[in-house]
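Per this note's numbering, residue 857 is the first one in the sequence shown, and the count goes up by one each step.
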Amino acid sequence: MERVLVLDFGSQYTKLIAKAVRELGVYSEVVPYDLPIEEIDRLRPKGLILSGGPSSVYKKDAPRPDPKIFGLGVPILGICYGMQLLAQEFGGRVAPAQAGGGRGREYGPARLELLEPEPEPGSGPGSGPEIERDELFQGVDRSEPVWMSHGDAVVELPPEFMALARSESLPFAAIRHKSRKIYGIQFHPEVAHTPKGKEILGNFLFRICGVRERWDPGDQDLLEGKIASLREELQGSRAIIAVSGGVDSTTAAVLVHRAIGDHLIPVYIDTGLMRKGEGERVRGLFRRLGLNLRYVEARGEFFRALRGVVDPEEKRRRIGETFIRVFEREARELAREPGRIEYLVQGTIYSDVIESAGVRGARRIKSHHNVGGLPPDLNLKIVEPLREFFKDEVRKLAERLGLPPEVVWEPPFPGPGLAVRILGEVTPERVKTLQEADAILREELA
C-alpha cells in the first residue's frame, strides 16, 4: 500500500496533518521523528512530511531525525519546525523571528505572497499574465490567506534552496531545494484557517510524490482484508471485549465477530453512571447485531467506590479502578468455561495511539482518558482492530458494517459517565436527577 509518513516533532497539529492527508485519499502514518532509517526504508514511503513542533532547531537538545532520510531520494515537505529543520540541515540559518526583521512570535492569520519564478537564462519577460507556478502551488492564487504559528524563522536560505513565497513578516514563508523534491513551508496547510491548504497538500502528494493508489476506510476490499487478517491472527481462539455501545467498541466487536463468530464475548458493565436507559439500549443493540452480550450489573460496586468522594480526578481514578476490577473478575469467570480466552480486544483508535505515544518536548494539553494500564496477570494478548483508523474513518467502517445510524453518529460520551458532571459526592439520587435532565435535553435537541 502506498503511504506517506508524518514524522512527529511534537506539534499539536501533527494529527491534523495525518488526517488531512487521509482525507485526500492517501494512507498516512504518524511515526516518531527518530524512527530508525532502516524502518523508514522498510515502509517504502512515497513521501515524508516533517511536522511542526515547540522546539527551536538551533538549541542543543532540539529533536532531529536521522540525517540519512535526506538521502533516501523521497520527496520531503517540512511544515513550520520541519521547514526550519530543513534550512538548518542544508546550511541555512534559523533564529528567533524578530532577528529576521519580523515581529517576533507569530500566531494567527497571515497573507502568503507567491514569488515570481526566476526566469530561464536568456529568456525575456513573460508573454502573458499567467505565472508558471511551482508544482506545490498549482491552483493557488498569488496571494493567499494562511495560518502561522511559530516563534522562530529562517533568516538565511541554504545555498541550494530558493524562496517560493513570503509574507508580511517573513522573507521566506515557503522554500524548495533547487534540484531535489524537498520543500519547506512556514505556515500550516493542515488547518481550516488555511483555505487552500488541502490543495497544497494534494499537490505535494499527487504532483510531487506521485501517489496513485487511493485509500478509503469504507472500501469493501479493505473491510474484507481486515476481517481476513483478524481471522488469521486469532485462529478461532476465544476473545473478550468490554463494550459501551459507542461507535468505537461496537465497531471493534462487530469486526472481530465477523472474523471469529461467537468465540468473541462482548461484556457490558452497567456502572449506573451512564445515560437514562443506556443499559437496555446496549442490550437491544447487540441483540439486533447478533452478538451474545454478557451483561454485568455492577451499580452497587461503583456507588460504594464513590462514597464520600468529591474530587473530580479521584472520581475518575476510582471509576477506572472499579471498572478494571469488575472486568477482570468477569474475564476470570469466563476463563473457567470450556475453551481458554486468549485475546483481549480493545477499541483503541489512531488518535489514542498518537496521543499516548508522546514526543519529547511536546506540549500536552491534557492526558487522554482512553490510555490506561491493564492488569499484568490477566495474561491476554491484545488485539486492536481499529488502531490505524481515526474517528471519522471508524464511522465509515461502521456504516460499511451496517451499524445503525444512531450508533455511527452518536457523539462521544466520557467513560466515567455522568459522574464527571456532578459537583460533590456522586449518589444514586443525584445520578437519577441528572439522567432525567439529560434525557429531556436530548429529546429537545433531537
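Just so it is clear, CB atoms sit at the ideal spot from N, CA and C, and this is done for glycine as well.
Asked: Residue from R989, A1098, Q944, P1001 with nearest C-alpha to P965; Found: P1001
Asked: Closest Cα partner of K871 within the set S907, L891, V1201, R898; Found: S907
Asked: Distance, Y1199 Cα to I1116 Cα; Found: 12 angstroms
Asked: Buried versus exposed, by CB contacts within 10 Å (16 or more), W1265; Found: exposed
Asked: R944 versus D864 - alpha carbon distance; Found: A quick correction: the sequence has Gln, not Arg, at residue 944. One C-alpha to the other measures close to 18 angstroms.
Asked: Residues that DSSP places opposite Y1151 in a beta bridge; Found: Y1124
Asked: Cβ neighbour criterion (16 or more within 10 Å) applied to P892; Found: exposed
Asked: Those residues which DSSP pairs with R1032 across a bridge; Found: M1018, Y1039
Asked: From G1146, K1247, G1128, residue whose alpha carbon lies closest to that of L1162; Found: G1128
Asked: Neighbourhood of A1030 by C-beta, 6 angstroms cutoff - its chain only, sequence neighbours within 5 removed; Found: L1020, A1021, I1041
Asked: Separation of Y1124 from V1067, as counted between CA atoms; Found: 43 angstroms
Asked: Outcome for A955 when other beta-carbon atoms lying within 10 angstroms are tallied against a minimum of 16; Found: Its pLDDT being 49, under 50, A955 is placed unreliably in this model, and the coordinates cannot settle the point.
Asked: Cβ neighbours of R1139 in the same chain (closer than 8 angstroms, five flanking residues each side left out); Found: Y1124, L1149, Y1151
Asked: Span of the alpha helix (DSSP H) around V1263; Found: 1261-1264
Asked: Bounding residues of the alpha helix (DSSP H) (the contiguous stretch that carries R1173); Found: 1168-1191
Asked: Cβ distance (whole Å) where E1177 is taken to contact T1204 below 8 angstroms; Found: So it is not a contact: roughly 20 angstroms between Cβ atoms.
Asked: Backbone secondary structure at I1221 - three-state DSSP; Found: Bear in mind that a pLDDT of 35 at I1221, under 50, signals an unreliable position, so the model cannot answer this.
Asked: Length at least 3, wholly inside the stretch 1047-1126: the beta strand (DSSP E) runs in chain order; Found: 1094-1098, 1120-1126
Asked: Spatial distance of G1195 from V930 (CA atoms); Found: 49 angstroms
Asked: Residue from I1296, D1077, F1245, V1263 whose Cα sits closest to the Cα of R878; Found: F1245
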